[in-house]
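A.B. asks:
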Amino acid sequence: MRHLIVIGAGGHARSIADIVLEQGECSLVGFVDDAYPDLKSVWGFPVLGKVDTAAGLRGMAEYAFVAIGNNKVRERLFQVLADAGFGMPNIIHPRAIVSPRAILGHGVAIMAGAVVGTEASLGDGTIMNAGAVVDHDARVENFGHLGVNAAMAGGSKLGRGAWMQAGSAIGYGVEVPAGRILAPGEAIRT
Numbered sequence: 271m272r273h274l275i276v277i278g279a280g281g282h283a284r285s286i287a288d289i290v291l292e293q294g295e296c297s298l299v300g301f302v303d304d305a306y307p308d309l310k311s312v313w314g315f316p317v318l319g320k321v322d323t324a325a326g327l328r329g330m331a332e333y334a335f336v337a338i339g340n341n342k343v344r345e346r347l348f349q350v351l352a353d354a355g356f357g358m359p360n361i362i363h364p365r366a367i368v369s370p371r372a373i374l375g376h377g378v379a380i381m382a383g384a385v386v387g388t389e390a391s392l393g394d395g396t397i398m399n400a401g402a403v404v405d406h407d408a409r410v411e412n413f414g415h416l417g418v419n420a421a422m423a424g425g426s427k428l429g430r431g432a433w434m435q436a437g438s439a440i441g442y443g444v445e446v447p448a449g450r451i452l453a454p455g456e457a458i459r460t
């Protein structure tokens, strides 16, 4: 069985750990989080140190998952851990719907109720929160982030490190530039 360390111990990280435990495909070794040493465990799993010590834990696990919502921080840590030799698995909730013809990068999080349409593409480090939709032929570039119930219509594009907050939507063929943050409920039409 593959051994996995979750990077972070906040709400998103605990949601990722919940999926890992439900699936049973990986053995959860523990977490790293900057609340250490005050935070010593989560659900009985150890907090192994601060985030900047994670690369040194390669001997404990083959895989790491960066479960931090901040896109820039997630991208930086993803690269540090990949350089240290960690594999970056995708964590997909069993009640998400992902087309077999979708293209997924590495270290992708797809939460409960999310839908990834046919020939959609999710780049490395993408987060799709609960109920988010990436419709057919839409593309999320590396480290993009869709909040709860955010929706991308067919053929749309979310740029690198862009963030669609809860309930935001982009219309057919719309392109959101890298780093842009959409407000909750904001809609962008063609």
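Taking this note's numbering, the leading residue of the sequence shown gets 271, the next gets one more, and so forth. Virtual Cβ for every residue (Gly too), placed ideally from N, Cα, C.
1) Do Ala354 and Ala372 come within 7 Å of each other at the CB atom, strictly closer than that value?
2) Smallest Cα separation from Gly424: which of Phe413, Leu347 and Val404?
3) Could you tell me which residues DSSP puts in a beta bridge with Leu291?
4) Thinking just about the alpha-carbon of each residue, which of Ile380, Glu411, His406 and Gly387 is nearest to the one in Met398?
5) Leaving out five residues on either side along the sequence, give the residues of the same chain with a beta carbon under 6 Å from the beta carbon of Val299.
6) With DSSP collapsed to three states, give me the class of Phe413.
7) Between Val410 and Leu428, is the Cβ-Cβ spacing less than 7 Å?
8) Is Asn412 closer than 7 Å to Gly395 when the C-beta atoms are compared?
9) Could you pull the start and end residues of the beta strand (DSSP E) that Val343 belongs to?
10) Between Val312 and the ligand SAM, is there a pair consisting of the residue's CB and a ligand heavy atom that are separated by less than 6 Å?
11) Just the Cα atoms here: how many angstroms apart are Asp407 and Gly319?
12) Quick one: what's Ala334 bridged to in DSSP?
C.D. replies: In short:
1) Cβ distance not < 7 Å, so Ala372 and Ala354 don't count as in contact.
2) Val404
3) None; Leu291 has no bridge partner.
4) Ile380
5) Cβ neighbours of Val299 within its own chain (closer than 6 Å, five residues either side excluded): His273, Ile275, Met330 and Ala331.
6) Three-state result, Phe413: coil.
7) yes
8) yes
9) No beta strand (DSSP E) holds Val343; the alpha helix (DSSP H) holding it covers Asn341 to Asp353.
10) Among the components of this structure there are no ligands whatsoever, and the ligand SAM is therefore not found.
11) 41 Å
12) Ala334 is bridged to Ile275.
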